[in-house]
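Undergrad: Could you have a look at this structure, given as structure tokens, before my questions?
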Amino acid sequence: MSNIKLRITNYKLPLAILLALVVSLLLATTVFAQDDMPTDDEVNKIAKELYCPVCESTPLDVCPTEACRQWRELIRQQLAEGKSEEEIKQYFVTHYGARVLSEPPNRIASYLVPALAFLAGAFLLFRGFRMWIKPVAVESAVPTDDAAPVPQDDYIRRMEEELKKRK
Amino acid sequence: MIADFGYGVLVVAFLTALYSVYAAVYGELKKKPAMVESARRAMLLTWPLLTLAAGVLVYLLVNDHYEVQFVYEVTSRSMPLYLKVTAWWGGQAGSLLFWSWLMSAFTSLVTLRKWDRDREFLPWVIVVGGVTMAFFIGMNVFFENPFAKLYQTFGGEIAAYTIQPANSILFTPSDGRGLNPLLRHPGMIIHPPMLYLGFVSFVIPYAFAMAALITGRTDDRWIRITRRWALWAWLFLSAGLVLGGRWAYDVLGWGGYWGWDPVEIAAFMPWLTGTAFLHSVMIQEKRGMFKHWNMLLIILTYDLVIFGTFLTRSGVLSSVHSFAQSAIGPLFFAFIGVTLITSVGLIIYRWDLLKSETQMTSLLSREALFLLNNLLFMGILVVSFWGVIYPLISELFTGQKVTVGPPFYERATSPLFAGLMLLMGVAPLSAWGHSTVKTLGRALWKPALGAAIVTTVLAFTYTRNVIALVGFFLVALVILVTLYEYGRGALARQRSQGENIFVAFWNLTGRNRRRYGGYIIHLSMMLMAIGILGIELFQVETQGTLAIGDSLELAGYTIKYKEVASWDNPGAGVNYTRAVVEVYDANGNLLGNLHPRKDFYFDTQQPMTIPGQLASLKDEVYVLLIDWEPINQESTTFKIFVNPLVNWLWLGSLLFLVGVIIAAWPDKDPQRVTVRAERRARQTSAAD
Amino acid sequence: MTESTNIAPARKGVPLWAQVIIWAFLAGLLVIVAMGLNRAQQGTIQPGHAVDDFTLPLFSGYEYQGAGEVKLSDFRGKVVVINFWASWCKPCEQEAAELQRAWELYEPTGKVIFLGVDYVDTEPEARVYLKKFGITFPNGPDLATRISQYFRIKGVPETYFIDREGVLHYVQVGPFTSLQQIQDILDPMLAE
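Protein chains in written order, with the working numbering: chain E, 1 to 167; chain U, 1001 to 1688; chain A, 2001 to 2192.
Laid out in structure tokens, this is it:
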């Protein structure tokens, strides 16, 4: 239902009014028959991404407590009022704080720190690689003598060598 | 009376652990081997002592001694016997005792090994083991006494005391509060022991690492001694994690197995460093490189174990798993601080002794790829750690409480996991020391082509989801590479030894169990990856309220509501509400009946939602009973998940256990093997 | 991490800068955890604490003298009773009637104000609850849980008694069992 109403606002006004009339006439028969309540799935879709402070670390759609059941009803009610997903989430944030969201609102802080740490690790590792490999550039002539012509034999040799090395 | 005895035994065990530390240090410094021997025996004694204490606790639990606070809190008369026993680790005090008991088993076991070749490690291994043990037993002795009894004071107040206060009488409640129903599931009976086993057994490699640092004997001896310990530790930890996942899947009614809950992550972090450790020790063994790094990894693993235990028990984070807030938090914190600072200080002190013996020759060599693997594991660790600690930082510095939920972890770790899968595909083909693009490419192109074909087929038949296709490509690549490597080895053996191909497989595995066990583990990881991709990317759900005879449709399945019944089981203290639903496939064939349940436990006043599951390799129909009308039964709410491919996850877990057991199985004594071979040779020659 | 240093033969041990970084990092980590632990170990704010000002928006129909929101500082000179509750909270129901009776008893004196702070609750359910227990004192939602976070409440119901100078006098954790209990706390405060 909400989709239709929202889309209407994009049209020119007279057309919108006309459409609204037609739509409401059409709906008048069906709506009351089948109840205008949003389905559980619509509610759960939003609830899945919210966290209730009463049961921490459990998404709202599966939290069994009474408080969470009420929250889900609230979502249903707001959906019925035609609010969008974003609006509903915003309502929850203003009422219950940023912790209802499944991710910290400050994306930069939450992603940047681990990313930087990872890059720093990668940098250290590759700097290390360069330092380790340099002195070997001279040496690398030595092990080339094992450029065995038949790869299969080379493979067996390598495998045997590794098996031996274990002990 | 018997409870006091149990407490007394605990105190003695605590003193014994302390004595072993003292005697080991004293004996080592004053060069008195007899003292070290005495320390070793004291260490050995802790296990029987703790077994006795544990026996007393179990006796109290089983015999309904509700005057003991711990018994009162975790059991009730209606609980069956096996649950009364397993309630031992269902609460803070008991689970601490369980921890110490398991740990004493390990430290005792390690003191029983042959020490001839590494005498110098012995005292320090005892010190590290003894300190850790004394710490955990001390928790029980001073703060969380499982034997504390309830006393009613003159003023009428009831509280638990270790020693009877003046003017008070013993208070015995007629029944206990009962175990949290979530903990009554069979999965919960073995999940904590497995996890704890994994935790405590990592103490052994750590103890040896510390001994190596202290004595300055920093060759790879400590790694060779503890290799199997680390593998077993890893096996238990992995099994604990998987069982925890299975438990969550069966009991929590989320339709999922892993929620990136802080406490799950707390157990996952040592697993990450432990896994990185298992890979990187191989570099040290083969090439004598990265000794610092291995030390650092084992220190991290140990402290993450303690940190995880701390997070769960101190109330720093609130979570479904948390034990109640308690006084032990600051002590855990101090212990982490002391061990971390000492260990890191030791590494810095011994830095020069830990120099690499050889150098890296190629960026594509096995050791370089192992390092990349370590980098990725550390990346996942950093993400996990940051996710756990970020809400704390946010609240402390901005006053804003935030939640770091699955979307963050999934987004941040999935590229890292994909990288790990790619490495799993490439690394087995690269050689130690030197590998070039050419040699690697030559080995890789066939499996890569095979994986590409598989992916193309999947794209036309199964899904167009790009992430899924990338995932399936990697899975196929790893499986093909691993089988290719395995098969090549067996074929080579078949040719060179003239063995039948199956014998060749068997012998190949037998000759390098760690390597081929490792390959089996890689394969099992890929099976798990299939399950994870399936549930993460393709899970669908719906919820609806039905009258009897109504049905819901989801992903080609039709779920028809037949009936619901509710009855009490007074003996077990539970009310069951069970619905019967029929599941039909798209063609209208009846696939089976499911019985989603809601159990309500009277003693704890808590409900538990048990799903009805219809499993196949393709997917699983998972039905939850959410709500029902007791009177007319006409509006019953169900939630249905279809979890594609999820059972590959559990299959993979089983194969995984097989792989680790193959890798970790103790070697036959080499001497005995040769003797037997000689004897056999003699017999056959005699027969000729 | 700092593997790079172990190859260069000239250098001995860990370079100072690396040591400084390592120890600073460790210390930082431990400090954060310690602060978190400290916060977890703290109970609610304790009597004797001067309570900072806060703003409480009020449900319509439960305004204070027509005002849609109140500040704690508006009530300087009065004893303020702040009751945290929620409609999903069963123990709250035990004390709801007693609280209302106490309010009816003290409202005429003009020396005491009761404020109900509705913790993590939905407005429709909250209204049902307020109506059910006939509550008339000012009530409003704890927006973004700011107030409850300030008081570091451990659960609901909890009730905080603030004296005329704005200093916390008494904390009741859990429900009141009788009107007398409330009177026993309030009367000495008023007598001071």
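Glycine residues also receive a C-beta, built at the ideal position from the N, C-alpha and C atoms.
1. Which of helix, strand or coil does DSSP assign to Ala1615(U)?
2. Using DSSP with H/G/I as helix, E/B as strand and the rest coil, what is Lys1562(U)?
3. On a CA-only basis, which of Phe1377(U), Tyr1161(U) and Ile1501(U) is nearest Gln1152(U)? Give me that one, please.
4. Helix, strand or coil: how does DSSP classify Met1608(U) here?
5. Identify the contact partners of Val54(E) in chain A, using a Cβ-Cβ distance below 7 Å as the criterion.
6. Just checking, does the segment 1638-1655 of chain U make contact with the segment 1530-1542 of chain U on the three C-beta pairs under 8 Å criterion?
7. Please state the DSSP three-state secondary structure of Glu1582(U).
8. Given Ser1201(U), which residues of its chain have a CB within under 7 Å of its CB, disregarding the five upstream and five downstream residues?
9. So what's Lys1401(U) in DSSP terms, helix, strand or just coil?
10. Does the Cβ of Glu2095(A) have 16 or more other Cβ atoms within 10 Å, making it buried, or fewer, making it exposed?
11. Does DSSP put His2169(A) in a helix, a strand or coil?
12. Straight-line CA distance for Ser1168(U) to Tyr1066(U)?
13. Specify, as a first and last residue, the run of the beta strand (DSSP E) that Phe2059(A) falls within.
14. If you count every other CB in all the chains shown that lies within 10 Å of the CB of Gly1556(U), and 16 or more means buried, which is it?
15. Report the partner residues of Gln1152(U) according to the DSSP bridge assignment.
16. Extract the residue ranges of the beta strand (DSSP E) inside the segment 1006-1039 of chain U, only unbroken runs of 3 or more that lie entirely within it.
17. For Thr2177(A), which of Glu2107(A), Cys2092(A), Trp2023(A) and Ser2148(A) has the nearest alpha-carbon?
18. Quick test of your reading: Trp1260(U) and Tyr1390(U), contact by CB under 8 Å. State the CB separation rounded to the nearest angstrom.
19. Output the distance between the C-alpha atoms of Val1305(U) and Val1263(U), rounded to the nearest integer angstrom.
20. Which residues, in order along the segment 1158-1183 of chain U, keep a beta-carbon less than 7 Å from a beta-carbon of chain E?
21. Which residue wins for smallest C-alpha separation from Thr1111(U), given the options Pro1123(U), Leu1102(U) and Thr1403(U)?
22. In chain order, what residues of the same chain have a beta carbon less than 6 Å from the beta carbon of Trp1222(U), not counting five sequence neighbours either side?
23. Using the beta-carbon of each residue, which ones in chain E are nearer than 7 Å to Ala1412(U)?
24. How big is the Cα-Cα spacing for Tyr1576(U) and Arg1366(U)?
25. Name the chain E residues whose beta carbon is nearer than 7 Å to that of Thr2209(A)?
26. Could you tell me whether the segment 1415-1428 of chain U touches the segment 1518-1531 of chain U, using the rule of 3 or more Cβ pairs below 8 Å?
27. Taking all protein chains shown into account, do 16 or more other C-beta atoms lie within 10 angstroms of the C-beta of Glu2125(A), making it buried, or fewer, making it exposed?
28. Does DSSP put Glu139(E) in a helix, in a strand, or in coil?
29. Would DSSP call Arg1597(U) helix, strand or coil?
30. Return yes when the Cβ of Leu2115(A) is within less than 8 Å of the Cβ of Pro2138(A), no when it is not.
31. Closer than 8 Å, CB to CB, is Ala1324(U) near chain E or not?
32. CB Val1623(U) to CB Pro1596(U), shorter than 8 Å?
33. Could you say which of Leu2016(A), Pro2047(A), Trp2088(A) and Pro2157(A) lies nearest to Leu2099(A) if we only look at CA atoms?
34. So, at 7 Å on beta carbons, what are the nonlocal neighbours of Leu15(E) in its own chain, with the 5 sequence-adjacent residues on each side left out?
35. In whole angstroms, what separates the C-alpha of Arg1464(U) from that of Ile1453(U)?
36. Step through the CB atoms of chain E and report whether any lies within less than 8 Å of the CB of Met1421(U).
TA: Taking the geometry as given:
1. strand
2. strand
3. Tyr1161(U)
4. strand
5. Val2120
6. yes
7. strand
8. Phe1106, Trp1229, Trp1232, Ala1233 and Phe1236
9. coil
10. buried
11. strand
12. 17 Å
13. Counting along the chain, Phe2059(A) falls outside any beta strand (DSSP E), and DSSP gives it neither H nor E.
14. exposed
15. Ile1158(U) and Ile1169(U)
16. none
17. Cys2092(A)
18. With 8 Å as the limit, Trp1260(U) and Tyr1390(U) do not qualify as a contact, their Cβ atoms being about 12 Å apart.
19. 12 Å
20. none
21. Pro1123(U)
22. Phe1208, Ala1209 and Ala1212
23. Tyr111 and Pro114
24. 57 Å
25. Given a span of 2001 to 2192 for chain A in the structure shown, any question on residue 2209(A) remains unanswerable.
26. yes
27. buried
28. Residue confidence is low: Glu139(E) scores 42 on pLDDT, short of 50, so the model does not pin down where it sits. No coordinate-derived value is stated.
29. strand
30. yes
31. Note on Ala1324(U): pLDDT 49, under 50, position unreliable in the model; no value is reported.
32. yes
33. Pro2157(A)
34. A caution first: Leu15(E) carries a pLDDT of 46, below 50, which makes its placement in the model unreliable, though a value can still be read off. Excluding positions up to five away in sequence, the list is empty.
35. 15 Å
36. no
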